[in-house]
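Asker: Numbering (the numbering used here), first residue to last: 25 to 230.
1. Compute the distance between the beta-carbons of residue 176 and residue 201, then report whether it is under 8 angstroms.
2. Below 8 angstroms between beta carbons: does that hold for residue 41 and residue 94?
3. What did DSSP end up calling residue 45 once you bin it into helix, strand or coil?
4. Taking the DSSP output, what are the residues bridged to residue 192?
5. Just verifying my parser: in three-state terms, what is the DSSP assignment at residue 90?
6. Between the C-alpha atoms of residue 171 and residue 66, what's the straight-line distance to the nearest angstrom?
7. So what's residue 96 in DSSP terms, helix, strand or just coil?
8. Below 8 angstroms on the Cβ atoms is my contact criterion, and I expect residue 51 with residue 97 to pass it. Report the Cβ-Cβ distance as a whole number of Å.
9. Excluding the 5 residues preceding and the 5 following residue 168 in the sequence, name in chain order all residues of the same chain whose CB lies nearer than 8 angstroms to its CB.
10. Sort 109, 78, 173, 108 by Cα distance to residue 100 and report the nearest one.
11. With DSSP as the reference, label residue 62 as helix, strand or coil.
12. Looking only at its own chain, which residues have a Cβ that is under 8 angstroms from the Cβ of residue 70, when we skip the five neighbours before and after it?
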């Protein structure tokens, strides 16, 4: 009985390995990954910023490479022109399940902030545009976002210590929405806390 279990386990593992390496052929070239752990071990040898380390890989494998973090493939683009061409295609506008997405989306990641380019995203986009046109007290969206993100980045740098990104993510989102709805910088007023409570409630109900 034990020998049969070992045999079945070995066959399943061999089947998984075959499927894994067949899957790697569907992605751009890159360092050969190991089953289950991918290219995680090579990250131990990164001595510089990962952008500089990736530059070395671009020179070996080309401007588009794939690194496997465990069983999940991550495609990196090291050429500006290729990146512009890629991001203009709907097929490449998907979103992975990041921890950051959990701050803004429901468990299915079906919300406007970090959603795949699908029917639900377009529906939410149309609703958002109607809400902005109806309630917004400011027409310069790009200018407001640029100012708030710049201020928040300066605040993050000024702390000069490890930070909790959740707080700053909330601050930026609430300040942008508050500026449009209330025409105020909500990071510095009590309304900010009220908006966070409303935001949390809306996320829980999505």
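Even for Gly, the Cβ is constructed at its ideal location relative to N, Cα and C.
Since this is a predicted model, take the numbers as computed values, not measurements.
Answerer: Taking the structure as given:
1. Going by C-beta atoms, residue 176 is not nearer than 8 angstroms to residue 201.
2. No, Cβ-Cβ distance for residue 41 and residue 94 is not below 8 angstroms.
3. In this structure, residue 45 counts as helix in the three-state DSSP scheme.
4. Assignment of beta-bridge partners to residue 192 by DSSP yields no partner.
5. When secondary structure is reduced to three states using DSSP, residue 90 falls in the strand class.
6. Straight-line Cα distance between these residues: approximately 39 angstroms.
7. Correct three-state label for residue 96: strand.
8. Between residue 97 and residue 51 the Cβ distance is about 5 angstroms, and since that is below 8 angstroms, they are a contact.
9. By the criterion of a C-beta distance shorter than 8 angstroms, residue 168 is surrounded in its chain by 162, 200, 203, 204, once the five residues flanking it on both sides are discounted.
10. Nearest of 109, 78, 173, 108 to residue 100, Cα basis: 78.
11. DSSP places residue 62 in strand when its eight states are reduced to three.
12. Excluding sequence neighbours, residue 70 sits near 77.
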